[in-house]
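What follows is a single structure, written as C-alpha cells, with notes after it.
Numbering (my numbering), first residue to last: 8 to 247.
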C-alpha cells in the first residue's frame, strides 16, 4: 500500500496559505490587476512566518496566478489559459452540450469534494492521492480515463454511493475533451494538461487536509475554469 508523502509543519502551513490565497483570488476579493497585501499583512492574517509566506507566493507565481513588480509588490494576474479552450474547431452543438454537462457536474461535484473532505476514510484519501499521482505521472500521456478515475475516487470518498453512480453513468463523456476530441484531430496542448494537473492537486490537497471549504472552492475553480474556456470558444463561434 502506498504511503502519503511526508511533509514538514512548515510545508503544511505553506500549503494552507496557498489554498487560502487561491480561494481569495478565485472569489474575486482581490481581482486581476489588484495588489496583494504585503508580506507582513499576510503573516498577520495567516499567523505564519515570512518564510512560509514566501514559499506560498513562490507556488502561486509558478502557477501564474501572481506576478511581482519591482518596488511595488505582488499583483494578481490572469490565470494561464483562463479563457483558452483545449480545442479550436468543434461544432457549436457539442460546445453547448459540454457547457451544460459542466454546469451539472459543478453543482454535484463541489459538494462531493466537500463531503469527501469531511467523510473520506484514510484508505479512501489514499485512493484519491494515488489517482492524482497517476494523473500527474502520466504527463503528456494523460488520458480521460485517468481524469475520470480521479473524480470517481473523490465521489467514493463521500461515502454516498449515488455520487459515484452519477459519474459512472456519465462515463468518460463526463470529461469534456473526451467528447470534443471525437470531432477534431487537434492534439491537446501540454500547457492545458498542466493546468488540469495543478487544479487536481489543489482539490486533492484540500481533501487530504480535511477542509471542506477549501475542497468545495478548489473543485468549483476547476470545473468553472473549464466552463469559462468553453464559453469563450462558444462566444467566438457566435461572432464568426
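In this text, a Cβ means the ideal position worked out from N, Cα and C, and glycines have one as well.
Problem set entry | Validate contact between the segment 74–81 and the segment 202–214 using beta carbons, cut 8 Å, 3 pairs | In short, these stretches do not touch, since the Cβ pair count stays below three.
Problem set entry | According to DSSP, residues forming a beta bridge with residue 82 | Start at 1 with the first residue of the chain shown, and residue 82 comes out as number 75. Beta-bridge pairing by DSSP links residue 82 to 42, 74.
Problem set entry | For residue 25, the three-state DSSP class (helix, strand or coil) | Taking the first residue of the chain shown as 1, we reach residue 25 at position 18. Residue 25 falls in the helix class under three-state DSSP.
Exercise. Can you round the beta-carbon distance between residue 117 and residue 184 to whole angstroms, since I take them to be within the 8 Å contact cut?
Worked result: Position 110 of the chain shown holds residue 117. Position 177 of the chain shown holds residue 184. With 8 Å as the limit, residue 117 and residue 184 do not qualify as a contact, their Cβ atoms being about 21 Å apart.
For this session: Would you mind giving the Cβ-Cβ distance between residue 124 and residue 30, rounded to the nearest angstrom? I have them listed as a contact below 8 Å.
Result: The residue labelled residue 124 in the question sits at position 117 within the chain shown. The residue labelled residue 30 in the question sits at position 23 within the chain shown. So it is not a contact: roughly 14 Å between Cβ atoms.
For this session: For the segment 168–182 and the segment 125–140, state whether three or more C-beta atom pairs, one from each stretch, are separated by less than 8 Å.
Result: Flag = no, the segment 168–182 and the segment 125–140 do not touch.
For this session: Within the same chain, show all residues whose beta-carbon is closer than 7 Å to that of residue 27, passing over the 5 residues directly before and after it, in chain order.
Result: Within the chain shown, numbered from 1, the residue matching residue 27 stands at position 20. Cβ contact annotation for residue 27 (same chain, cutoff 7 Å, sequence separation greater than five): 53, in chain order.
Exercise. Of the choices 128, 155, 120, whose alpha-carbon is the least far from that of residue 210?
Worked result: As a working mapping, residue 210 is identified with position 203 in the chain shown. Ranking the options by Cα distance to residue 210, first place goes to 120.
Exercise. Less than 8 Å separating the beta-carbons of residue 153 and residue 145?
Worked result: For this step, residue 153 is matched to residue 146 along the chain shown. For this step, residue 145 is matched to residue 138 along the chain shown. It is a contact, given that the beta carbons lie within the stated cut-off.
For this session: Could you name the residues of the same chain whose beta carbon sits closer than 6 Å to that of residue 143, not counting the 5 residues immediately before and after it, in chain order?
Result: One-based indexing of the chain shown puts residue 143 at position 136. Within its own chain, the residues whose Cβ lies closer than 6 Å to the Cβ of residue 143, once the five positions on either side in sequence are excluded, are 204, listed in chain order.
Exercise. Is residue 39 buried or exposed, if buried means 16 or more other CB atoms sit within 10 Å of its CB?
Worked result: Here residue 39 corresponds to residue number 32 of the chain shown, with the count starting at 1. Taking every protein chain shown into account, the CB of residue 39 has fewer than 16 other CB atoms within 10 angstroms, so this residue is exposed.
For this session: Counting only the same chain and skipping the five closest in sequence on each side, list residues whose C-beta sits under 6 Å from that of residue 219.
Result: As a first step, residue 219 is located in the chain shown; it is residue number 212 there, counting from the start. So the list reads 121, 124, 125, once near-sequence residues are dropped.
For this session: Taking the CB atoms as reference points, tell me whether residue 66 and residue 25 lie closer together than 8 Å.
Result: One-based indexing of the chain shown puts residue 66 at position 59. One-based indexing of the chain shown puts residue 25 at position 18. Yes; because the gap between Cβ atoms is below 8 Å, this pair is in contact.
Exercise. Among residues of its own chain, excluding the 5 on either side of residue 128, which ones have a beta-carbon nearer than 7 Å to its beta-carbon?
Worked result: Residue mapping note: residue 128 aligns to position 121 of the chain shown, counting from 1. Around residue 128: no qualifying Cβ.
For this session: Give me the Cα-Cα distance between residue 2 and residue 51, rounded to the nearest whole angstrom.
Result: Lying before the first or after the last residue shown, residue 2 is absent from the chain, which here runs from 8 to 247.
For this session: State the DSSP-derived secondary structure class of residue 128, mapped to helix, strand or coil.
Result: The residue you call residue 128 lines up with position 121 of the chain shown. Coil at residue 128, not helix or strand.
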